[in-house]
Each structure stands twice: as structure tokens, then as C-alpha cells.
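These notes are about the structure you will find just below.
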Amino acid sequence: MYLDFLGLREKPFSITSDPSFLYLSKRHREALSHMVYGIRERKGFIEITGEIGTGKTTLCRALVRQLDPTTKTALILHSNLSELQLLHGVVQDFGLDPMRNTRVDLFQQLNRFLLDEATEGHNVVLVIDEAQNLSLRLLEQIRMLSNLETDKEKLIQIVLVGQPQLRDKLNQPSLRQLQQRIAVRYHILPLDADDIRTYIEHRLRLAGSDGSVRWLDDAVDEIFQFSHGVPRLINLLCDRALLACYVFRVKSIDRELIRRSCQEMLGQPLANSTAATIPMEQPA
Ligand SMILES: Nc1ncnc2c1ncn2[C@@H]1O[C@H](COP(=O)(O)OP(=O)(O)OP(=O)(O)O)[C@@H](O)[C@H]1O
Ligand SMILES: [Mg+2]
Numbered sequence: 014m015y016l017d018f019l020g021l022r023e024k025p026f027s028i029t030s031d032p033s034f035l036y037l038s039k040r041h042r043e044a045l046s047h048m049v050y051g052i053r054e055r056k057g058f059i060e061i062t063g064e065i066g067t068g069k070t071t072l073c074r075a076l077v078r079q080l081d082p083t084t085k086t087a088l089i090l091h092s093n094l095s096e097l098q099l100l101h102g103v104v105q106d107f108g109l110d111p112m113r114n115t116r117v118d119l120f121q122q123l124n125r126f127l128l129d130e131a132t133e134g135h136n137v138v139l140v141i142d143e144a145q146n147l148s149l150r151l152l153e154q155i156r157m158l159s160n161l162e163t164d165k166e167k168l169i170q171i172v173l174v175g176q177p178q179l180r181d182k183l184n185q186p187s188l189r190q191l192q193q194r195i196a197v198r199y200h201i202l203p204l205d206a207d208d209i210r211t212y213i214e215h216r217l218r219l220a221g222s223d224g225s226v227r228w229l230d231d232a233v234d235e236i237f238q239f240s241h242g243v244p245r246l247i248n249l250l251c252d253r254a255l256l257a258c259y260v261f262r263v264k265s266i267d268r269e270l271i272r273r274s275c276q277e278m279l280g281q282p283l284a285n286s287t288a289a290t291i292p293m294e295q296p297a
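Written as C-alpha cells, this is what we have:
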């Protein structure tokens, strides 16, 4: 009913980090290019930072999808891990069967894997998301993983992705060695005002929109004011706005509807508003 009324095949503004919905804004394109460059050129460490909800996890997933099949990749999405859990996760994600469960054994297994892949001419990439949560000890462990190298290049490329605190963490004196090895850095900024409409239309198109819901310019301006271009906030707000369209049986989204959606999201129903409250749960 909801999707039918809005002329959609699926929900366009989910807050999962689904790379098939990736919109390559200038910043996201640059971030991806930095990662791909660092990996292809075998630069060792790559650091990608961005504020909450700016698209880091989505980009990590998109990166893994687009690397060529000879590049062996492990993607670690949770960082509150012990040293052993991290090594175990990395070994498994590279498609290996963890032989034994001690730190030294897993480390050796990884080193052997890296040498084998190097002999085959394959590149190896480890992407760690939420890296701002890694303990100093784990970061040091990761640095040691990258010690294997030939005269010319690193055998493993490590992409550390995280919130801006990651940079502060890496600036600590005890991590200077790692910090100095970071060859490529990029900080993802939120979307520009100019990007908002294309971002929204991109997601709507991928969700099979028939274009029957109109997003007026003042609504798009209001979405930017509220979200400051942070994609997760845009998604939350747009999702709510579509729900309001369905509830009130309207097909045009204007500033007022967006304002009302913002207020609802923030849990502050508008004073003097005679409009019905938009229900919290969205119908399937
Ligand atoms: N470039 C983009 N194109 C399409 N959707 C995006 C883009 N960037 C972010 N999003 C969407 O915004 C939401 C948040 O993105 P994501 O989870 O990747 O952010 P994050 O930076 O990893 O957040 P956190 O700091 O909380 O880990 C997701 O729904 C995601 O699909
Ligand atoms: Mg994330």
C-alpha cells in the first residue's frame, strides 16, 4: 500500500550501508579514488575519516565490490575486538581456515598467506571500519602485520576507516611509527547544498520511483538546513517525509511538510499544528 501509493518498488531511504545505493558525490568519488589509488600503488597504510553518518561504511563496502578479483580482501566492520578476535576475523575473511587459535599461530598463518599471494602477484587488502575504536595495542598489532614488504612494495594494504578521532589517536606518540607510514589520507565531508536534490533523486530512481511524488525546491533547501548534508540524516528525514505523504495522501513535499517531519523526528510536535501526528512506525 505504502510503496504503491508512493510509486516505489522498495524503500529509497533505508539507513543500512547498502553500496548499491551509493551516490558518488565529488567527495565520495574522491574518497574512493584515494582508496583505490593507495591499494593499486601498494602504498601500505591508507586513512579515511569522516563525521558520523557521512558514508564511510557504505564506501568500504563499495570499495570491496569494485576491486579486481585477484585482489584478496578482508573487511572488518566491528572494531571492539580483542587481539585474538581481530586476527581470527582477518584470517577467516581472507578465506583461510584458522589453523590454531593462538596469536602467534594466526600471525604466522597470515604472513605465509601474504607471501604466497605475493608470489602469485596478487595484492592483499585489509579494510578496517570503525578504526577509531581500536586499542593502541591492536593498532600496533596491525602495524606489525604491514611489516612484510619487498624492496619496492608492501605485501598488504591496510585501509583504516573511522570517525575523526581516529586521526587524534594515530597522532599519539606511541603510534608515531604507524602514523608515519600512512601514505594516503582523505577526510569525507558531508554533501554540498547542490548535491542534495541529486542525492535524493538518485536514491529514488534506484528504488524504482515512478516520479509521482514532487519534491519542491523549498523542501530540498529545508532538508539541507536540517541535515547539513549528512546522508544518514537526509535519509531519516526523507523517509519520514514519504511516510507523511502516505499518511496525509499528498504527493507533493514542501517546506512545511519537511519542517513537520523534522519536528516529529526530534520528538517535538509543532505547537499550533492541527495536523495529525505522523506515526513512528512505517507500514511495510
Ligand atoms: N554517498 C552515498 N550514497 C548513498 N547513500 C549514502 C552515501 N553516503 C551515505 N549514505 C547513506 O547514509 C547512511 C549512513 O551511511 P554509513 O553507514 O555509510 O555512514 P558512516 O559514515 O559509516 O556512519 P558511522 O560514522 O555511524 O559509522 C546509509 O544509509 C547510507 O546508505
Ligand atoms: Mg559506519
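First residue of the sequence shown: 14, per my numbering; consecutive thereafter.
Think of the CB as a built atom: it goes at the ideal place given N, C-alpha and C, for glycine as much as any other residue.
If you follow the alpha helix (DSSP H) that residue i is part of, which residue opens it and which one closes it?
| i | result |
| --- | --- |
| F261 | P244 to F261 |
| R113 | Element bounds for R113: n/a, residue is neither H nor E. |
| A75 | K69 to Q79 |
| Y212 | D208 to L219 |
| Q276 | R268 to M278 |
| E235 | D230 to S240 |
| F18 | Y15 to L19 |
Secondary structure at residue i, three-state DSSP: helix, strand or coil?
| i | result |
| --- | --- |
| R53 | helix |
| S265 | strand |
| R150 | helix |
| T29 | coil |
| A297 | Its pLDDT being 42, under 50, A297 is placed unreliably by the model, and the measurement read from it follows with that caveat. Coil. |
| N93 | coil |
| R125 | helix |
| D118 | helix |
| E133 | coil |
| E23 | coil |
| S286 | Only weak support exists for where S286 lies, its pLDDT of 42 falling under 50; the coordinates are left without a value. |
Going by the DSSP bridge assignment, what does residue i pair with across the sheet?
| i | result |
| --- | --- |
| T86 | V138 |
| E60 | L173 and R198 |
| A42 | The identity of residue 42 in the sequence shown is Arg, whereas the question assumes Ala. According to DSSP, R42 bridges with nothing at all. |
| R227 | S265 |
In the DSSP assignment, the beta strand (DSSP E) including residue i goes from what residue to what residue?
| i | result |
| --- | --- |
| G102 | Unbroken run through G102 is the alpha helix (DSSP H), E96 to D106; no beta strand (DSSP E). |
Among the options, whose alpha-carbon lies nearest the alpha-carbon of residue i?
| i | options | result |
| --- | --- | --- |
| I155 | A206, P186 and L97 | L97 |
| D231 | K39, D17 and I271 | I271 |
| A196 | L90, I52, M157 and R113 | I52 |
| M278 | V260, I266, Y259 and L250 | L250 |
| T115 | L127, L99, L128 and R78 | L99 |
| R78 | T163, F237, V138 and E162 | V138 |
| E153 | E130, D118 and R194 | R194 |
| Q121 | N160, Y50, V174 and R55 | N160 |
| I266 | V233, S240, T83 and H241 | V233 |
| K39 | R125, H47 and P32 | H47 |
| L151 | G134, N124 and V103 | V103 |
| G127 | S240, H41, L168 and R55 | Sequence check: residue 127 is Leu here, not Gly. Minimum Cα distance to L127 is reached at L168. |
| I247 | V263, G280, D205 and T83 | D205 |
| I243 | L147, I28 and D17 | Reading off the sequence shown, one finds Val at residue 243, where the question assumed Ile. Cα-wise, what sits closest to V243 is I28. |
| L147 | G134, V117 and D181 | D181 |
| L257 | W228, F239 and D118 | According to the sequence shown, residue 257 is Ala rather than Leu. If we check each option's Cα against that of A257, W228 comes out closest. |
| L183 | D31, G20, F58 and S225 | F58 |
| F239 | S222, Q276 and S225 | Q276 |
| D31 | T86, D207 and L219 | L219 |
| Y50 | V172, R253 and R113 | V172 |
| P203 | D252, G66 and L45 | G66 |
Can you list, in chain order, the stretches of the alpha helix (DSSP H) that have 4 or more residues and sit fully within the segment 156-202?
-> 178-183 and 189-194
Near ligand 3, which residues have their beta-carbon less than 7 Å from any of its heavy atoms, given in chain order?
-> With respect to small molecules bound, the structure shown includes ligand 1 and ligand 2 and not ligand 3.
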